[in-house]
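With the first letter of the sequence shown counted as 1, position 3 gets the number 3 in UniProt numbering; the numbers rise by one all the way through. Yeah, the Cβ is synthetic: ideal placement off N, Cα and C, and Gly gets one too. Worksheet for the structure shown next.
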Amino acid sequence: MQQRSFLGLSATGFHSVAYTEWGAGPRAVVCVHGLTRNGRDFDPLAQDLAAALPARVVCPDVVGRGRSDRLGNPDLYGYPQYLSDMAALIARLDVAQVDWVGTSMGGLIGMLLAAQPNSPIRRLVVNDVGPFVPKAALERIAAYVGSAQTFHDLAAVEAWLRTTYAGFGALSDAQWRHLAEQGAQTLPDGRLTLAYDTGIARAFQGQPVADVDLWPVWKAIRCPVLVIRGAESDLLLPETAQRMLVEGPPTRLAEIPDAGHAPALMDPAQIRLVRDFLAAD
1 MQQRSFLGLS
11 ATGFHSVAYT
21 EWGAGPRAVV
31 CVHGLTRNGR
41 DFDPLAQDLA
51 AALPARVVCP
61 DVVGRGRSDR
71 LGNPDLYGYP
81 QYLSDMAALI
91 ARLDVAQVDW
101 VGTSMGGLIG
111 MLLAAQPNSP
121 IRRLVVNDVG
131 PFVPKAALER
141 IAAYVGSAQT
151 FHDLAAVEAW
161 LRTTYAGFGA
171 LSDAQWRHLA
181 EQGAQTLPDG
191 RLTLAYDTGI
201 ARAFQGQPVA
211 DVDLWPVWKA
221 IRCPVLVIRG
231 AESDLLLPET
241 AQRMLVEGPP
251 TRLAEIPDAG
261 HAPALMDPAQ
271 IRLVRDFLAA
281 D
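Dropping the structure here:
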């Protein structure tokens, strides 16, 4: 595992985007996290793919999260900036093609990139998100995103994560502790907070929350897609997942029992799903 970074560019100047890199195989896999998380969520998956494919697996912290810089203007947090940064990351890797694994927000970034003409994405794994995102799920997320959570210790961070992200599924104590360790940062007074800029919530503010409809984007994708859905998900609805199978790119669907939004991709069976799909020629 190596910690690296590159420079992205926004309207207010350059910013550092951190990423974790595993392995040195002939193919490249990019794994991108959900809205408030970071690239270290993929440690178990990345280690497996790096050894088994083999592959060079790159897990960025999207700007405003983890070890990446915060933007000076929170209005710039949004998909145009994220797409620009991820295009810069792919260029940094100096490869003709990449496989993409994206959870929630990371899946939407992957879909938007894969829908572009001459996209470098060879295969796409979309974890618990799709071209229709219902208002109710966005309202649930908006209720906690951007609140300035503070904690006295790591145990309190872990307890909060277990409640807020129960949809990740049945994780071990060690896995929850890993998510807490990698998802917290220390404040000057010694307390802990979550490792993201609360300014990312700006997208949920100032206008009513509404359904998101990206079916034209989905229908423009040409690469093979694996859709992973938490069986109890409120964000990727069953009817949306079924429609994804018959409209748009060639798609497989896997449902994860006892998980909601979004399966953590830490379980060996979930890792095997991703590995087997990406291993295909």
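Item	Value
Simplified DSSP assignment, three categories, for L192	strand
N118, buried or exposed, once every other Cβ within 10 Å from all chains shown has been counted against 16	exposed
For D197 and W22, the rounded distance between their alpha carbons	26 Å
C-alpha gap between L71 and R222, whole angstroms	33 Å
For W22, the residue or residues it bridges with in DSSP	V57
Extent of the continuous beta strand (DSSP E) to which E232 belongs	Careful: E232 lies outside any beta strand (DSSP E) and carries neither H nor E.
DSSP three-state assignment for D153, whether helix, strand or coil	coil
Which residues DSSP lists as bridging S147, in chain order	DSSP lists no partner for S147.
D128 classed as buried or exposed, judged by whether at least 16 other C-beta atoms fall within 10 angstroms	buried
Own chain, CB closer than 6 Å to L187, minus 5 neighbours either side, in chain order	T193
V63 and H15 closer than 9 Å at C-beta	yes
Heavy atom of the ligand ATP within 8 Å of Q182 beta-carbon	Although the ligand ATP was asked about, the structure shown includes no ligands whatsoever.
The beta strand (DSSP E) enclosing T103, as first and last residue numbers	98–103
Inter-residue spacing [alpha-carbon to alpha-carbon] between A142 and Y165	14 Å
Local Cβ density within 10 Å of P120, reported as buried at 16 or more and exposed below that	buried
Residue closest to T12, alpha-carbon to alpha-carbon, out of Y77, H261, E239	Y77
Contact belief for H261 with L235 at Cβ below 8 Å, rounded distance in angstroms	4 Å
Collapsed DSSP secondary structure at R37 in the structure displayed	coil
Three-pair Cβ contact test at 8 Å for the stretch 146–163 versus the stretch 232–252	no
Per-residue DSSP class, three states only, for H261	coil
Any chain C beta carbon closer than 9 Å to A148	The structure shown contains no chain C; it is built from a single protein chain.
Assigned exposure category for L278 - 16 Cβ within 10 Å defines buried	buried
Whole-Å CB distance - L83 paired with L113, under 8 Å assumed	6 Å
Collapsed DSSP secondary structure at I256 in the structure displayed	strand
Alpha carbon of S104 to alpha carbon of V126, nearest angstrom	7 Å
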